[in-house]
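A quick write-up on the structure given underneath.
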Amino acid sequence: MSREGLLVVVSGPSGAGKGTVINLLKQKDDNVKLSVSATTRQPRIGEIEGVNYFFKTHDQFNDMIKGNQLVEWVKYCDNFYGTPKKYIQDTVEKGYDCILEIEVEGALNIKENYPDCVSIFILPPSFKELKRRIEGRGTEQSDVICKRLEKARKEIEFADRYDYVIVNDSVENAVVGISNILAAEKLKFTRNKGILKTLES
Ligand code: 5GP
1 MSREGLLVVV
11 SGPSGAGKGT
21 VINLLKQKDD
31 NVKLSVSATT
41 RQPRIGEIEG
51 VNYFFKTHDQ
61 FNDMIKGNQL
71 VEWVKYCDNF
81 YGTPKKYIQD
91 TVEKGYDCIL
101 EIEVEGALNI
111 KENYPDCVSI
121 FILPPSFKEL
131 KRRIEGRGTE
141 QSDVICKRLE
151 KARKEIEFAD
161 RYDYVIVNDS
171 VENAVVGISN
181 ILAAEKLKFT
191 RNKGILKTLE
201 S
């Protein structure tokens, strides 16, 4: 039975390890594709245009909004981030599971517009560990680190609005958790409405 892939929203504070978890999931599961967002943030060292983000000027980002090319967009820590519409639509239509790694405001917008989506919140094992990870990354200035930690506390308050929660104390365990969620979601009766008819054939 051919069917659409899942639209999967993954959030969690900066430093929770979402990126690492999703990259490993992608390596392990060929059916998983990651949506690449547009942002006005400057690229970090090692980030690649079209792989990590589509890096845009403010004018270019505004043109995307005006052209109705984004399914959602937000301002986060002084930069704009948005999810391009066409890629996620094409990806799920082809049967792939499409992961959106986005912050909470965007995730809640997606949930409203795509009630069928699956939402997962990734938590760090503790705030102490979160701080260690953000500082250890060494990619942000200290004022940005403070902003991100403050933002993290606020974001975690929204964790209960998600369908599932995963504590990222080990990347491998977190990936197993997400794989299990995707497998269970695909077996939901509501996603297999035609199944009884196939018994007659
Ligand atoms: P970072 O600057 O660390 O790459 O991302 C900052 C935050 O923006 C992260 O929580 C990330 O998940 C979120 N983010 C990335 N792309 C998007 C997007 O397209 N939409 C929304 N709403 N958030 C995004």
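Read the sequence shown against my numbering and you will find it ends at 201, with the numbers running on by one and no gaps. Here a beta-carbon is modelled for each residue, glycine too, at the ideal position from N, C-alpha and C. Note that the structure is a prediction, hence the values are computed from the model and not measured.
| Asked | Found |
| --- | --- |
| Is Glu185 a contact residue of the ligand 5GP, with contact defined as CB to any heavy atom under 7 Å? | no |
| With H, G and I counted as helix, E and B as strand and the rest as coil, what does DSSP make of Glu200? | coil |
| Is it buried or exposed for Gly177, if we count other Cβ within 10 angstroms and need 16 for buried? | buried |
| Counting only beta-carbon separations shorter than 8 Å, does Val9 have a partner in chain D? | Chain labels in this structure do not include chain D; a single protein chain is all it has. |
| Is Glu150 near the ligand SAH, in the sense that its beta carbon is under 7 Å from a heavy atom of that ligand? | For the ligand SAH, the structure offers nothing, since it holds only the ligand 5GP. |
| Quick one, are the C-beta atoms of Pro84 and Leu70 less than 8 Å apart? | yes |
| By alpha-carbon positions, which one of Lys75, Gly5, Lys186, Gly138 ends up nearest to Asn62? | Lys75 |
| Evaluate Ala184 with the Cβ neighbour count: other Cβ atoms within 10 Å of its Cβ, from every protein chain shown; 16 or more gives buried, anything less gives exposed. | exposed |
| For Lys131, does the three-state DSSP call read helix, strand or coil? | helix |
| Identify which residue in Leu149, Gln141, Tyr114, Glu140 has its Cα closest to the Cα of Glu129. | Leu149 |
| Starting from Tyr76, trace the beta strand (DSSP E) both ways and give me its first and last residue. | 70-76 |
| Starting from Thr83 and walking both ways along the beta strand (DSSP E), at which residues does that stretch end? | 79-84 |
| Looking at the strands, I want to know which residues DSSP matches up with Ile122. | Ile166 |
| Let me check understanding here. Comparing Cα to Cα, which of Lys18, Glu112, Leu7, Lys188 lies closest to Ser170? | Lys18 |
| Return the CA-CA distance between Lys232 and Lys197, expressed in angstroms with no decimal places. | There is simply no residue 232 to check, as the chain begins at 1 and stops at 201 in what is shown. |
| Using DSSP bridges, identify the partner residues of Tyr53. | Ser37, Glu49 |
| Compare the Cα-Cα distances from Ile257 to each of Arg137, Asp29, Pro115 and report the closest residue. | Absent from the model: residue 257. The displayed extent of the chain is 1 to 201, so no value can be given. |
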